[in-house]
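For the sequence shown, this note's numbering gives the first residue as 15, with consecutive numbering after it.
Just so it is clear, CB atoms sit at the ideal spot from N, CA and C, and this is done for glycine as well.
All remarks here apply to the structure that follows.
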Amino acid sequence: HNAQGRPAGPQPPTSGSSNPPATLLSLNTSTNASNGSGFKRQIATLSGANATSMSPMANNPFQALDRPEKMYEQSTSEASSPQEPKDIQYALENLDLQDLSKNECQKLLNRLIEELLDASSSRSSNASNSWQQEAINEWCQLNRRQHKSLLNYIFTDYLHLTTVKRAQRKACAAIFVHLMRSKVCEPQLFNVVYKELADELPDLQVDVPNLWTYVFEFIGPLLHEQLLHFTDIWLQQWSADEHFTKRFLHALITYFTTEFGATYTRELWNKVFKLDHGQQFMSDNAQWREFINTHGFQYIHDRTYKPPQQPATSTSTHPAAIVEQVMRIEYLLNAVNGCDLAIDYINTNVHINTHFIRSLTKFLCCDYATVMPPSTSELSSSTSRLRQLDTELFRHKCIPLLRRCLDGLETHELACLDAIVDALQQNYDAPTANQLICSVFDLIYDSEVIPKESFDKW
Numbered sequence: 015h016n017a018q019g020r021p022a023g024p025q026p027p028t029s030g031s032s033n034p035p036a037t038l039l040s041l042n043t044s045t046n047a048s049n050g051s052g053f054k055r056q057i058a059t060l061s062g063a064n065a066t067s068m069s070p071m072a073n074n075p076f077q078a079l080d081r082p083e084k085m086y087e088q089s090t091s092e093a094s095s096p097q098e099p100k101d102i103q104y105a106l107e108n109l110d111l112q113d114l115s116k117n118e119c120q121k122l123l124n125r126l127i128e129e130l131l132d133a134s135s136s137r138s139s140n141a142s143n144s145w146q147q148e149a150i151n152e153w154c155q156l157n158r159r160q161h162k163s164l165l166n167y168i169f170t171d172y173l174h175l176t177t178v179k180r181a182q183r184k185a186c187a188a189i190f191v192h193l194m195r196s197k198v199c200e201p202q203l204f205n206v207v208y209k210e211l212a213d214e215l216p217d218l219q220v221d222v223p224n225l226w227t228y229v230f231e232f233i234g235p236l237l238h239e240q241l242l243h244f245t246d247i248w249l250q251q252w253s254a255d256e257h258f259t260k261r262f263l264h265a266l267i268t269y270f271t272t273e274f275g276a277t278y279t280r281e282l283w284n285k286v287f288k289l290d291h292g293q294q295f296m297s298d299n300a301q302w303r304e305f306i307n308t309h310g311f312q313y314i315h316d317r318t319y320k321p322p323q324q325p326a327t328s329t330s331t332h333p334a335a336i337v338e339q340v341m342r343i344e345y346l347l348n349a350v351n352g353c354d355l356a357i358d359y360i361n362t363n364v365h366i367n368t369h370f371i372r373s374l375t376k377f378l379c380c381d382y383a384t385v386m387p388p389s390t391s392e393l394s395s396s397t398s399r400l401r402q403l404d405t406e407l408f409r410h411k412c413i414p415l416l417r418r419c420l421d422g423l424e425t426h427e428l429a430c431l432d433a434i435v436d437a438l439q440q441n442y443d444a445p446t447a448n449q450l451i452c453s454v455f456d457l458i459y460d461s462e463v464i465p466k467e468s469f470d471k472w
């Protein structure tokens, strides 16, 4: 990656902080969006997101962020004539620069993704900071043409490799979320690569029928964070290819429904993307209705229509699937409007049974809502500082979630009580566990999430 004579790439930012994500979607219920626990898990869900503060555009949460035209303005020595369109200017600057081979691209991605996935298992903030800084350093060592070749390789080769699984694609997305938030990777790069792939992607889909499913696992998080907009990822010339268009639409709607929920997808489709009744994809309204009805997508227009319920299959109730669902809920809870997002996700995608209740309860009590209080004295020992429940966080985010999942069913309520005691006793010493159990029981009893009759029976 050390091409001779290439111009310096973007310089790493001097500050370790990253921009907050764009304003996320506001759903039906109102909750406290703050997470006072300070709990962060950078890569458990491969979100790559640290900050969750609200955008200043609180009065219009669905408006896409306006990118300043000169955000990525080049220096006077590099800039072309001001009359040249940016994509032409970008191309002219890269004529004589050295490219990256596919082998080099794959080695670089494998190294960065492996470091990111390793950080996910450690839950250490130092590990998260390490992969983030490494990603920026590697990117800034590449020249502009190498940026293009890397992104081109991702779209045309990497995403559909048989050895690349969903976790790797989501990790790749997390890397680019971080690069774009740090402003070392510009949206213009995606525009240039997309235009160059306008003819290649339809041909590639002939060999890779699920191409758009893989692509959205990469670009979906960028769209969610509003680092990219819909106009960045759809070329109008593609609408002439009916099969390609339907594949694109099916992957788009399915991705956001399965990752966030039906309500989120409807708001995204109508208020952010402003796609209405698909006129830009299909000129025949009858053809559009047939497409929507065939795939059960009526919910993107009709809030009274419920998407097909998650069947109680062996796959959906498998322990690995439940772990993945809880990890997804963790990511959503740490977002703006997190409780609403998590409930929407559960309503759309989760088959709730006692196994799911136990896993969710363990996560909420042991990982999410417990904090270590700050030391009041330099002499205080770690044993005297028992881990405590963040009662405000539990009340505002965990209680609504448990209320939805328990749904007044006694079997679920008993499973929840069992899980509270078992999880806390297994994870903490006796004094800490007893204190936490009492705190959790007080909250769920006072909020009437679990009635006295179920407590008595338990």
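Does the Cβ of Lys184 have 16 or more other Cβ atoms within 10 Å, making it buried, or fewer, making it exposed?
Classification of Lys184: buried, given that the 10 Å Cβ count is 16 or more.
May I ask you to report which of helix, strand or coil DSSP gives Thr384?
Strand.
How would you write the range of the alpha helix (DSSP H) that Lys260 sits in, first residue to last?
It spans 256–273 - the alpha helix (DSSP H) in which Lys260 sits, taken as one unbroken run.
Host alpha helix (DSSP H) of Ile464 (start-end):
Looking at the DSSP string, Ile464 is not in any alpha helix (DSSP H), and its letter there is neither H nor E.
Are the CB atoms of Leu415 and Leu457 within a distance shorter than 9 Å?
No, they are not a contact pair.
Compute the distance between the beta-carbons of Pro235 and Ala276, then report whether it is under 9 Å.
Pro235 is not a Cβ neighbour of Ala276, given a cutoff of 9 Å.
Between the CA atoms of Asn151 and Leu203 - distance to the nearest angstrom:
Distance between Leu203 and Asn151, taken at the CA atoms: about 18 Å.
One or two residues paired with Gln402 in a DSSP bridge
According to DSSP, which records beta bridges pairwise, Gln402 is partnered with Val385.
Kindly provide the ranges of any alpha helix (DSSP H) runs that are 4 or more residues long and lie completely inside the stretch 140–180, ordered along the chain.
Within the stretch 140–180, the complete alpha helix (DSSP H) segments of 4 residues or longer fall at 158–170, listed in chain order.
I'd like to check one pair, Arg261 with Pro321: are the Cβ atoms closer than 9 Å?
One thing to note: Pro321 has its Cβ no nearer than 9 Å to the Cβ of Arg261.
Limits of the unbroken alpha helix (DSSP H) element including Val220
DSSP places Val220 inside the alpha helix (DSSP H), whose first and last residues are 214–221.
Quick one: what's got a C-beta closer than 7 Å to Tyr442's C-beta in the same chain, skipping five residues either side?
For Tyr442, where only same-chain residues beyond five positions count, the Cβ hits under 7 Å are Arg401, Leu450.
Across the stretch 370–387 and the stretch 301–320, are there enough close Cβ pairs to call them in contact, namely three or more that are closer than 8 Å?
Contact between the stretch 370–387 and the stretch 301–320 is absent: fewer than 3 CB-CB pairs across the two stretches fall below 8 Å.
By the DSSP assignment, the alpha helix (DSSP H) with Tyr319 in it spans what residues?
The continuous stretches of alpha helix (DSSP H) do not include Tyr319, and DSSP gives it neither H nor E.
Spatial neighbours of Trp283 within its chain, please: CB distance less than 7 Å, with the 5 preceding and 5 following residues excluded, ordered by chain position.
Closer than 7 Å at Cβ, skipping near neighbours: Leu289, Ile314.
Run of the alpha helix (DSSP H) containing Met296, from where it starts to where it stops:
Taken as a continuous stretch (DSSP letters only), Met296 belongs to no alpha helix (DSSP H), as it is neither H nor E.
Could you give the distance in angstroms between the alpha-carbon of Phe311 and the alpha-carbon of Ala265?
Their backbone Cα atoms lie some 12 Å apart in a straight line.
Are the beta-carbon atoms belonging to Arg195 and Leu241 less than 9 Å from one another?
The beta carbons of Arg195 and Leu241 sit closer together than 9 Å.
Would you mind sorting Arg180 into buried or exposed? The rule is 16 or more other CB atoms within 10 Å of its CB.
Flag for Arg180 reads exposed.
With a Cβ-Cβ cutoff of 9 Å, do Gln160 and Leu114 count as a contact?
Yes, Cβ-Cβ distance for Gln160 and Leu114 is below 9 Å.
Can you grab the Cα-Cα spacing for the pair Tyr167 / Lys116, in whole Å?
One alpha carbon belongs to Tyr167, the other to Lys116, and they sit about 7 Å apart.
Helix, strand or coil at Lys411 [DSSP, three-state]
Secondary structure at Lys411: helix, using DSSP grouped into helix, strand and coil.
Three-state secondary structure assigned by DSSP to Cys452
Three-state result, Cys452: helix.
Can you tell me which of Lys121, Val191, Ile247 puts its alpha carbon nearest to the alpha carbon of Val206?
Measuring from the Cα of Val206, the nearest candidate turns out to be Ile247.
For Ile366, name the three-state secondary structure that DSSP assigns.
Secondary structure of Ile366 (DSSP, three-state): coil.
Kindly indicate which three-state DSSP category Trp248 falls into: helix, strand or coil?
Trp248 falls in the coil class under three-state DSSP.
Which of helix, strand or coil DSSP assigns to Gln354:
The residue you asked about is not Gln; residue 354 is Asp in the sequence shown. In this structure, Asp354 counts as helix in the three-state DSSP scheme.
Relative to the C-alpha of Pro465, which residue among Ile434, His192, Leu420, Ala447 is closest?
Ranked by how close their Cα comes to the Cα of Pro465, the residues Ile434, His192, Leu420, Ala447 have Leu420 in first place.
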